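Visitor: My questions all concern the structure below.
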Amino acid sequence: MFFKSQEGKSKILHLYNQKLKELSVNYSEKLLDTKFGKTNVIIVGDTNLPPLILIHGTGGCAPQILESFLNLSSKYCVFAVDVLAQPNKSAENRLDMKSLDYGKWLIEIIIKLRLKEVTLVGFSFGGFISLKALEFNETPIRQAFLIAPVYIVNGNPLVGLFKMFLPLKKFIKTNNQKYMKKVMNVLFSEYDDFALNFMSTTFQYCNMDFSPLPVITKDSAKNIKKPISIFAAEKDILFPGKKMMKRAKQLFPSLEKVILLEDSKHVPNVPDFKKIEEIILYKSE
């Protein structure tokens, strides 16, 4: 199971609901039955507007990614999805990253919600899910915006090991916040107390997946025809920005733009998220 205990799950869901309340937005929630497990979706904005699916990264939840993109609902109806086997309200089933299962899952969500011409916005692991969906069946998708996505390049494993995974393992073993702060400083361009608390609670009470991350093949990438925009983070040790830009340009014939977020670590800061949001809003026309 993903949650180590019912106590841990309750703590996570308390933080989840706290963040959702803090957003002060009108929303509805839908729990969808999918082949891969129950999936929670938060819906914000006028349902007559073009649909946009927002997908968070590893160790995250829908309210957190919504917070980074609150203005998108001015031009889109936003569907923020709780990814399976993450600290949120969706099922605890972890899918096989080497297969197309995550893509099949996302396309099933799109079909269940009866959406067409969908804009995908995926951050980190959410970018991986977006690319898997494009690989599997890009028909209902209009365009995709990928922010520091998994699945295009990987960073130096030794750097990741020493800077992030060893402090993380020490935190899991000792629950000492100094180790979690080391991890946060590597991952985040900036972070607040909520992010620190949520990440600490997640790694304390959840069974996280540390298996190697796959990268997309040239053959799969060349079959994607829908427009893709990528935001690469220059100082991202997990998925280095300049390396990502170079490979993305070689891989995707449908690449519309690739933007380097200068000085950004894996999780961009508020001004960078605003910049990304403005570009996505501009492309809503």
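Quick note: the sequence shown uses numbering that gives the first Met the number 0, first residue 0, plus one each step.
We put the CB at the ideal spot given by N, CA and C, even for glycine.
Model, not experiment: these values are computed from the prediction.
Helix, strand or coil for A231? Go by DSSP, reduced to three states.
Guide: Strand at A231.
Visitor: Are V77 and N39 touching if we call contact CB-CB under 9 Å?
Guide: Contact: no.
Visitor: Name the DSSP beta bridge partners of Q142, please?
Guide: BP columns for Q142 point to T118.
Visitor: Using alpha carbons as the reference points, say which of T216, L133, M0 lies closest to I151.
Guide: For I151, the nearest C-alpha among the options comes from T216.
Visitor: Name the two residues that bound the continuous beta strand (DSSP E) containing T57.
Guide: Counting along the chain, T57 falls outside any beta strand (DSSP E), and DSSP gives it neither H nor E.
Visitor: Under a Cβ-count criterion, where at least 16 other Cβ atoms within 10 Å of its own Cβ denotes burial, should Y281 be classed as buried or exposed?
Guide: Flag for Y281 reads exposed.
Visitor: If you draw a straight line from the C-alpha of I108 to the C-alpha of E233, how long is it?
Guide: Computed Cα separation, rounded: 32 Å.
Visitor: Are the CB atoms of E28 and K111 nearer to each other than 9 Å?
Guide: Contact: no.
Visitor: Less than 6 Å between C-beta atoms, sequence neighbours within five positions excluded: which residues of the same chain meet that for F272?
Guide: The answer, listed in chain order, is S67.
Visitor: Skipping 5 residues on each side, what residues in its chain have a beta carbon closer than 8 Å to that of K180?
Guide: L195, listed in sequence order.
Visitor: With respect to 8 Å, is the separation between the Cβ of R246 and the closest non-hydrogen atom of the ligand SAM below this value?
Guide: Here there are no bound small molecules, and the ligand SAM is not part of this structure.
Visitor: Are the beta-carbon atoms of I64 and A143 separated by less than 9 Å?
Guide: Contact: no.
Visitor: If N70 sits next to E284, beta carbons under 8 Å apart, how far is it from one beta carbon to the other, in whole angstroms?
Guide: Rounded, the Cβ-Cβ distance is 15 Å, inconsistent with contact.
Visitor: Would you mind sorting P211 into buried or exposed? The rule is 16 or more other CB atoms within 10 Å of its CB.
Guide: Per the 10 Å Cβ criterion, exposed.
Visitor: Could you tell me the alpha carbon to alpha carbon distance between Y178 and S129, rounded to whole angstroms?
Guide: Answer to the nearest angstrom: the Cα atoms are 32 Å apart.
Visitor: If you run the structure through DSSP and keep just helix, strand and coil, what is I108?
Guide: Helix.
Visitor: Quick one, which of F230, T57, F135, P166 has its alpha-carbon nearest N268's?
Guide: With distances taken between Cα atoms, N268 lies closest to F230.
Visitor: Name the residue from G240, K168, T200, I171 whose alpha carbon lies nearest to the alpha carbon of L12.
Guide: Among G240, K168, T200, I171, the Cα nearest to that of L12 belongs to T200.
Visitor: Quick one: what's N196 bridged to in DSSP?
Guide: Looking at the DSSP assignment, N196 forms no beta bridge with any residue, so it has no partner.
Visitor: Could you check the C-alpha separation between L133 and V214 for me, to the nearest Å?
Guide: Each residue's alpha carbon lies about 14 Å from the other.
Visitor: State buried or exposed for F161, treating a residue as buried only when at least 16 other CB atoms are found within 10 Å of its CB.
Guide: Looking at its Cβ environment, which holds fewer than 16 other Cβ atoms inside 10 Å, F161 is exposed.
Visitor: Please name the residue in D32, E21, S23, S72 whose C-alpha comes closest to that of D45.
Guide: If we check each option's Cα against that of D45, S72 comes out closest.
Visitor: Taking the straight line between their C-alpha atoms, what separation do you get for L157 and F238?
Guide: One C-alpha to the other measures close to 13 Å.
Visitor: Is it right to say D235 is buried, meaning 16 or more other beta carbons lie within 10 angstroms of its own, or is it exposed?
Guide: By the 10 Å Cβ count, D235 comes out buried.
Visitor: Could you check whether the region 45–54 touches the region 115–122, counting it as contact only if at least three pairs of C-beta atoms, one from each stretch, sit closer than 8 Å?
Guide: Segments in contact, yes.
Visitor: May I have the straight-line CA-CA distance separating K103 from N222, to the nearest angstrom?
Guide: So the two alpha carbons sit approximately 17 Å from each other.
Visitor: Below 9 Å between beta carbons: does that hold for G58 and F170?
Guide: Cβ distance not < 9 Å, so G58 and F170 don't count as in contact.
Visitor: Our contact map puts P139 next to I106 with C-beta atoms below 8 Å; I'd like the distance itself, whole angstroms only.
Guide: Going by Cβ atoms, the distance from P139 to I106 rounds to 7 Å, so yes, they are a contact pair.
Visitor: Would you identify the three-state DSSP class for T38, choosing helix, strand or coil?
Guide: Strand, per DSSP.
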